[in-house]
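Some notes on the structure that comes next.
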Amino acid sequence: MFVVLRAALGLQVKSQTIEDEFHQAKLEDAKRYGAGERTLTSRFVMPSLKDYEQYFRNLDSRRTDQVVEWIAVASPRFKGIETVADVLAGKHDAMRVRGDPDRLLVELDADHRYLGGSMFLRCIESMLGTPPRKLPPSSPLYGLLCAPMHEVPSGPNQHLLKWYTVRAAEGSNRRFAAYFAMLKDAMLALGKGGADAPLCVAFSVVFDGQPRVVNNVGVIVLEMYAHTTEAQFARLFEGAGAQAMGSNALCVTGIGRLLGNGQSFRQRLDVVCTALCVDDDALGAEVTVHPTALVYERSYVSLFSRLKADGSASVTAAVTTNIELDAHGWTSVGFALRTGGGVNRRRCEGAGSA
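For our numbering, add 263 to where a residue sits in the sequence shown, where the first one is 1.
Next up, the structure:
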């Protein structure tokens with residue numbers, strides 16, 4: 264109760280959030296099913312050897328060191344293991360980096376119990392050499408004022424990819440255009456969007472302002488229908504901003520435990536979406552995020568958008584599901600299964616808003 268009161272008064276939080284507990288339970292479930300020892304793998308596919316080498320220069324930088332130090336502040340078990348050199352030497356349990364110069368591929372394995380929320384976002388931004396995006400500050404007391412507020416699939420994870428080129432419709436922007444292009448496919452892939460069966464999607468929002476919290480996050484949950492336009496979606500999303508504050512407060516204070524836990528929340532969702540947006544002058548890598556432990560929602564989607572000077576955005580959508588029927592649904596709308604050999608990019612490119 265003291266932790267709850269202290270958090271609500273706006274003081275620094277130092278405890279496991281609901282999201283931290285979720286990733287702990289997720290890893291334990293994954294070990295039981297033999298699904299893996301890390302919860303996320305981010306893949307960076309480089310267009311050239313020059314970009315591949317620049318990635319490692321960005322990785323081995325003071326800026327990325329600060330992210331590793333941040334992990335040590337939130338998780339004291341890493342005190343004294345606080346540099347990228349420690350990560351590259353294999354000393355750090357939260358991160359593992361593997362490079363394959365022949366395939367121009369870098370893989371970052373992350374333990375989401377220790378590398379989460381804004382620190383994960385800042386880590387990716389640093390590696391790509393892109394300026395940090397502004398994040399909303401975590402404010403549990405204000406968030407509490409804002410809060411209105413299925414069987415676990417256990418098949419093998421299947422990873423699918425699709426590329427979009429989008430332009431914003433009137434009343435929208437490129438971020439919403441990227442979301443909307445993916446959501447139109449999601450409704451078809453999962454058989455949702457009808458009047459009696461909307462697509463239930465949660466968009467993760469990461470927060471700054473609680474340095475001793477690892478997974479300092481909130482969500483915006485929306486129901487999508489086949490008749491929803493891009494401009495309508497943009498208005499719905501912007502109007503639901505208080506949800507992110509409210510859910511963040513429930514998460515970091517622990518009050519949300521009265522309503523359930525991270526697993527039960529996700530089991531009610533069709534899609535959980537995490538998005539990253541960079542400018543075109545960032546390192547020319549293609550970034551995808553793939554859960555390697557269990558997926559409790561029907562599909563987890565990461566969107567990586569690169570904003571182009573001509574007003575368009577190139578978007579990489581990566582889907583992870585452990586429901587075979589849903590994987591077939593995604594392939595039916597142009598997504599391609601990712602295997603060890605990669606995918607045929609030309610076969611699964613898609614267009615967004617004109």
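Backbone N, C-alpha and C fix where the C-beta goes; we use that ideal spot for every residue, glycine too.
Quantities reported herein were computed from a predicted structural model and do not represent experimental measurements.
Quiz item: What is the C-beta distance between P310 and G547, in whole angstroms, given that I count them as a contact (C-beta under 8 Å)?
Solution: The residue you call residue 310 lines up with position 47 of the sequence shown. The residue you call residue 547 lines up with position 284 of the sequence shown. Indeed, because the Cβ distance is near 5 Å, the residues count as touching under 8 Å.
Considering only C-alpha positions, which residue in the set V476, A590 and S575 is nearest to V582? Walking along the sequence shown from the start, residue 582 turns up at place 319. Cα-wise, what sits closest to V582 is A590.
Exercise for the section: Tell me where the alpha helix (DSSP H) around Y318 begins and ends. Expected result: Position 55 of the sequence shown, counted from the first residue, corresponds to residue 318. Note, Y318: alpha helix (DSSP H), L312 to L322.
**Q.** Sheet register partners of C514 (DSSP bridge)
**A.** For the purposes of this step, residue 514 is identified with residue 251 of the sequence shown, where counting begins at 1. According to DSSP, which records beta bridges pairwise, C514 is partnered with nothing at all.
Open item on the list: Three or more C-beta pairs under 8 Å: does that hold for the segment 429-449 against the segment 507-515?
Closed with: no
Open item on the list: Does M264 come out as helix, strand or coil in the three-state DSSP assignment?
Closed with: Taking the sequence shown and counting its residues from 1, the one referred to as residue 264 is at position 1. Note that M264 scores 40 on pLDDT, short of 50, meaning its location in the model is unreliable and no value can be drawn from it.
- Have a look at T428 and G343 and give me their C-alpha separation to the nearest angstrom. Here the question's residue 428 lines up with position 165 in the sequence shown. Here the question's residue 343 lines up with position 80 in the sequence shown. Their backbone Cα atoms lie some 44 Å apart in a straight line.
- Item | F528, DSSP secondary structure in three states | On the sequence shown, position 265 is the one that residue 528 refers to. The answer is helix: DSSP assigns F528 an H, G or I state.
Can you tell me whether K425 is helix, strand or coil according to DSSP?
By 1-based counting over the sequence shown, the position of residue 425 is 162. K425 falls in the strand class under three-state DSSP.
task = Could you pull the start and end residues of the alpha helix (DSSP H) that I387 belongs to?
result = Sequence index remark: in the sequence shown, residue 387 carries index 124 (1-based). Per DSSP, I387 belongs to the alpha helix (DSSP H) from G380 to L391.
Open item on the list: Using the three-state DSSP reduction, which class does L272 fall into: helix, strand or coil?
Closed with: The residue given as residue 272 occupies position 9 in the sequence shown. Low local confidence applies: a pLDDT of 40 at L272 is under 50, so the model's placement there is unreliable, and no value is given.
**Request:** Quick one: using the 10 Å Cβ neighbour count with 16 as the cut-off for buried, is D459 buried or exposed?
**Result:** As a first step, residue 459 is located in the sequence shown; it is residue number 196 there, counting from the start. Classification of D459: exposed, given that the 10 Å Cβ count is below 16.
- Task: Look at the Cβ atom of L513, then the Cβ atom of V469, and state whether they are nearer than 9 Å.
- Result: Your numbering for residue 513 matches position 250 in the sequence shown. Your numbering for residue 469 matches position 206 in the sequence shown. No.
Where the beta strand (DSSP E) containing Y442 begins and where it ends
Here residue 442 refers to the residue found at position 179 of the sequence shown. Counting along the chain, Y442 falls outside any beta strand (DSSP E), though it belongs to the alpha helix (DSSP H) covering R437 to L453.
What does the Cβ neighbour count give for A599, buried or exposed, with the cut at 16 atoms within 10 Å?
Within the sequence shown, the letter at position 336 stands for residue 599. Under this definition A599 is a buried residue.
Limits of the alpha helix (DSSP H) - the one that G618 falls within: In this structure the chain extends from 264 to 617, so residue 618 is not present and cannot be described.
Open item on the list: Using CA atoms only, rank isn't needed, just tell me which of F383, S324 and T584 is closest to N420.
Closed with: Mapped onto the sequence shown, residue 420 falls at position 157. For N420, the nearest C-alpha among the options comes from T584.
*Should the segment 539-555 be regarded as contacting the segment 375-391, the criterion being three or more beta carbon pairs within less than 8 Å?*
yes
(request) Apply the 10 Å Cβ neighbour rule to D283 and answer buried if 16 or more other Cβ atoms are within range, or exposed otherwise. (result) Residue numbering aside, residue 283 sits at position 20 when the sequence shown is read from its first letter. Buried is the call here.
* Asked: CB G454 to CB Y488, shorter than 9 Å?
  -> To locate residue 454, count along the sequence shown from 1; it is residue 191. To locate residue 488, count along the sequence shown from 1; it is residue 225. Taking 9 Å as the Cβ cut-off, G454 and Y488 do not qualify as a contacting pair.
inquiry  = Taking the alpha carbon of A348 as the reference point, which residue from R366, R325 and P339 has its own alpha carbon closest?
reply    = Counting from 1 along the sequence shown, the entry for residue 348 is found at position 85. Of R366, R325 and P339, the residue nearest in Cα terms is R325.
(message) By the three-class DSSP mapping on this structure, what secondary structure does M412 have?
(response) In the sequence shown, the residue the question calls residue 412 occupies position 149. Low local confidence applies: a pLDDT of 38 at M412 is under 50, so the model's placement there is unreliable, with the coordinate-based value given in what follows. Note: M412 maps to coil in three-state DSSP.
Residue nearest to S595 in terms of C-alpha spacing, selected from L424, T492 and P461
To locate residue 595, count along the sequence shown from 1; it is residue 332. Comparing Cα positions, the closest option is L424.
By a C-beta neighbour count over all protein chains shown, 10 Å radius and 16 as the cutoff for buried, is D573 buried or exposed? Numbered from 1 along the sequence shown, position 310 holds the residue referred to as residue 573. The residue in question, D573, is exposed, as its Cβ has fewer than 16 Cβ neighbours within 10 Å.
Query - Extent of the continuous alpha helix (DSSP H) to which A494 belongs - result: What you label residue 494 is simply residue 231 of the sequence shown in a count that begins at 1. That run of the alpha helix (DSSP H) goes E493 to G502.
Report task. Can you have a look at A431 and say buried or exposed, based on whether 16 or more other CB atoms are within 10 angstroms of its CB? Result -> Residue 431 sits at position 168 when you count from the first residue of the sequence shown. So A431 ends up on the buried side.
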